[in-house]
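Q: Going by the numbering used here, the first residue of the sequence shown is number 1, and it counts up by one from there.
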Amino acid sequence: TAGTPPSGPAVAIDCEMVGTGPGGRRSALARCSIVGYGGDVLYDRYVRPAAPVVDYRTRWSGIRRHHMAGAVPFGAARKEILRLLAGKVVVGHAVHNDFKALKYFHPEALTRDTSKMPLLNRKGGFPENATVSLKRLAKELLHKDIQSGHSSVEDARTTMELYKVVEVEWEQQLLLTPKQE
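1) What does the alpha-carbon distance come out to for the pair Thr113 and Asp155?
2) Find out if the Cβ-Cβ distance for the pair Tyr104, Leu82 is shorter than 8 Å.
3) Give the straight-line distance between the Cα atoms of His150 and Gly24, rounded to the nearest whole angstrom.
4) Thinking C-alpha only, which one of Val89, Gly21, Lys100 and Arg59 is nearest Cys32?
5) Quick one: using the 10 Å Cβ neighbour count with 16 as the cut-off for buried, is Thr159 buried or exposed?
6) Which runs of the alpha helix (DSSP H) at least 4 residues long sit entirely within the segment 6-94? Give them in chain order.
7) Do the CB positions of Ala77 and Val47 come within less than 8 Å of each other?
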């Protein structure tokens, strides 16, 4: 039917970062997980940054030194990841951080950021313009506790579940909203 939002080609992404460079302040991709619309894992690999890891940020990333042993080099991982994202609606929570870690710009028309969705916030009882954490949105809207074990697969699946809560309204809103150039 006309005006029906795309449902099949959406994927959700979540990346974990480690610190490189002076004081470990530069974020570098260390794990990337991509799930399909149904939550199936399409990609989940540890990624070895080009620069030496200074800070594993384990408390937030769940990444430890041993994860880097069999990690895919950044260039090879990026190639595979971008192939999976090409032409698809990509859902993520503060997804610009994931794209930045991938040194990549996804078309805005195909990007759905659950951290910037007033509709989700409204349904969760949060101020529309607030940036609400994935954990809080999941608790409120999906009645689910997440981020106990820093799983990027779990976070990607949760992001996709949140997208599905408002998918029809969100996509219809996008169809009706004139594009600002």
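Glycine included, every Cβ here is placed at the ideal spot set by N, Cα and C.
A: Taking the geometry as given:
1) Note that residue 113 is Asp in the sequence shown, not Thr. Cα-Cα distance, rounded: 13 Å.
2) In terms of Cβ geometry, Tyr104 and Leu82 form a close pair [threshold 8 Å].
3) In a straight line, the C-alpha of His150 is about 20 Å away from that of Gly24.
4) Lys100
5) The Cβ neighbour count for Thr159, taken over all protein chains shown within 10 Å, is at least 16; the residue is labelled buried.
6) Counting whole runs of 4 or more residues, the segment 6-94 contains the alpha helix (DSSP H) stretches 58-61 and 74-85.
7) yes
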